[in-house]
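A.B. asks:
Residue numbers (the working numbering): 58 to 424.
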């Protein structure tokens, strides 16, 4: 199923209809925090001018501080910032890295199940791709990655399995002559970010991609950054369009790496951990199978045995509940669905819809 590019390009936002209860999209909250929205509003009057070098420099310095980068290199933006590249979301990073691989004739390996956009970009750039399929419980084994792979992509924590790989295991993929891309879009909200992230680590060929859109409800703004090997990042930057990020995107990166964000992030992380634990218990009590213990703000579940998975998802939608189908991820089957972590009240509505659909009760289309 998950072989053609159109299938790989199916994402959670396409799974949610108007008015449906959204368990498909992994964005925390329905709007940015008030302090963040105010910072962005204050820049509205600056939009008549082009983004400035100073805007980019502030964003780079904020990221460098956020990840404790040391001044191995000096560039015009300040100490350590040659190891930072602001991006129009992680998706731009995957696009740039695929073009980097194509220019250098690299052979890529993508660890699956994982976010599918990196493979899409690599294949569109005509880069040879080897899939490394992890079997349940989806633990990373660096020995499965072909020796000849000189670009490797892995997620941590991995979307959609919600598995967090040990930091040392991911680091073992790095070596001279290889570009190792670690998608850390959700690493800011794992229980032990400092003990899990490779951002700021000085390893050969390492490129860590971070998003600021998931945790801060900024998906519509498209903002993120890369941290890693300055030689690789310099090549990515050299092949971008002029003004690749707008003023508001750069401001978002700066704001989401600020001290104010750090304090707020601790609260978000704590709430997500509590909601994830409560949701896991509620699903277990209801007999809903969770494939593996979750570490991210989403869970990998299975539809009931004996039910057609497509029909079961349709029954959930008939009850106003949208989940993320996962047969579009290499290594997963049609029974797998991804469920975003939500608050207990919202989870109760999911459990009710799931139980009704599993029992074969007709949906109440008047609700």
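All C-beta atoms in this analysis are idealised placements derived from N, C-alpha and C, irrespective of residue type, glycine included.
1) Are there 16 or more other CB atoms within 10 angstroms of the CB of residue 249, so buried, or fewer, so exposed?
2) Taking the alpha helix (DSSP H) that residue 252 falls in, what are its first and last residues?
3) Considering only residues of the same chain and omitting the five flanking positions on each side of residue 397, which have a CB-CB separation below 6 Å?
4) In angstroms with no decimal places, state the Cα-to-Cα distance between residue 178 and residue 155.
5) Can you check the region 312-385 for any alpha helix (DSSP H) of at least 4 residues that lies completely inside it and give the ranges in chain order?
6) Does DSSP put residue 82 in a helix, in a strand, or in coil?
7) Should residue 346 go down as buried or exposed, given a rule of 16 or more other Cβ atoms within 10 Å for buried?
8) Can you pull the DSSP bridge partners for residue 237?
9) Taking the alpha carbon of residue 298 as the point to measure from, which residue in 144, 319 and 74 has its own alpha carbon closest?
10) Report the start-end ranges of each beta strand (DSSP E) in the region 156-216 that is 3 residues or longer and not cut off at the edges.
11) Determine the closest residue to residue 153 out of 401, 293 and 395, with distance taken between C-alpha atoms.
12) For residue 280, would you say it is in contact with chain B, using Cβ-to-Cβ distances shorter than 8 Å as the test?
13) Can you give me the C-alpha to C-alpha distance between residue 146 and residue 218, rounded to a whole angstrom?
14) Counting Cβ pairs, one atom from each stretch, are 3 or more of them under 8 Å apart for the region 411-421 and the region 361-380?
15) Is residue 305 closer than 8 Å to residue 100 when the C-beta atoms are compared?
16) Along the alpha helix (DSSP H) that carries residue 405, what are the first and last residues, could you check?
17) Excluding five sequence neighbours on each side, which residues of the same chain lie with their C-beta closer than 8 Å to the C-beta of residue 183?
18) May I ask you to report which of helix, strand or coil DSSP gives residue 98?
19) Classify residue 131 as buried or exposed, calling it buried when 16 or more other Cβ atoms lie within 10 Å of its own Cβ.
20) State the beta-bridge partners of residue 397 as determined by DSSP.
21) On a CA-only basis, which of 313, 386 and 275 is nearest residue 87? Give me that one, please.
22) Do you know whose CA, among 321, 167, 403 and 198, lies nearest residue 333's CA?
23) DSSP puts residue 143 in a beta bridge; with which residues?
24) CB-CB under 7 Å to residue 255, same chain, minus the five flanking residues each way: which ones, in chain order?
25) If we count the other Cβ atoms within 10 Å of its Cβ and call it buried at 16 or more, is residue 60 buried or exposed?
26) For the alpha helix (DSSP H) holding residue 114, just list the boundary residues, first then last.
27) In angstroms with no decimal places, state the Cα-to-Cα distance between residue 300 and residue 362.
28) Specify, as a first and last residue, the run of the alpha helix (DSSP H) that residue 419 falls within.
29) Please classify residue 399: is it buried, with 16 or more other beta-carbons within 10 angstroms of its beta-carbon, or exposed?
30) Going along the chain, which residues of its own chain have a beta-carbon closer than 8 Å to the beta-carbon of residue 62, five neighbours each way excluded?
31) Residues in the same chain with beta-carbon distance under 8 Å from residue 322, minus the five sequence neighbours each way, listed in chain order, please.
32) Does the distance from the C-beta atom of residue 165 to that of residue 208 stay below 8 Å?
C.D. replies: To lay it out plainly:
1) exposed
2) 250-253
3) Within the same chain, residue 397 has close Cβ partners 80, 83 and 355.
4) Within the model, the alpha-carbon separation for residue 178 versus residue 155 is close to 6 Å.
5) 316-342 and 366-375
6) coil
7) exposed
8) Answer by DSSP bridge pairing, in chain order: 209 and 263.
9) 144
10) 165-169, 186-190 and 208-212
11) 293
12) This model lacks chain B altogether; it includes just one protein chain.
13) 21 Å
14) yes
15) Closer than 8 Å, so yes.
16) 401-416
17) 159
18) Correct three-state label for residue 98: helix.
19) The pLDDT assigned to residue 131 is 44, lower than 50, so where the model puts this residue is not dependable; a value taken from the coordinates is nonetheless given after this. It is exposed - the Cβ of residue 131 has fewer than 16 other Cβ atoms within 10 Å.
20) 355
21) 275
22) Comparing Cα-Cα distances from residue 333 to each of 321, 167, 403 and 198, the minimum goes to 403.
23) 282
24) 224, 227, 228, 239, 263 and 265
25) exposed
26) 110-123
27) Cα to Cα, residue 300 sits roughly 51 Å from residue 362.
28) From DSSP, residue 419 is part of no alpha helix (DSSP H); its letter is neither H nor E.
29) buried
30) 177, 180 and 181
31) 245, 246 and 272
32) In this structure, the beta-carbon distance from residue 165 to residue 208 falls below 8 Å.
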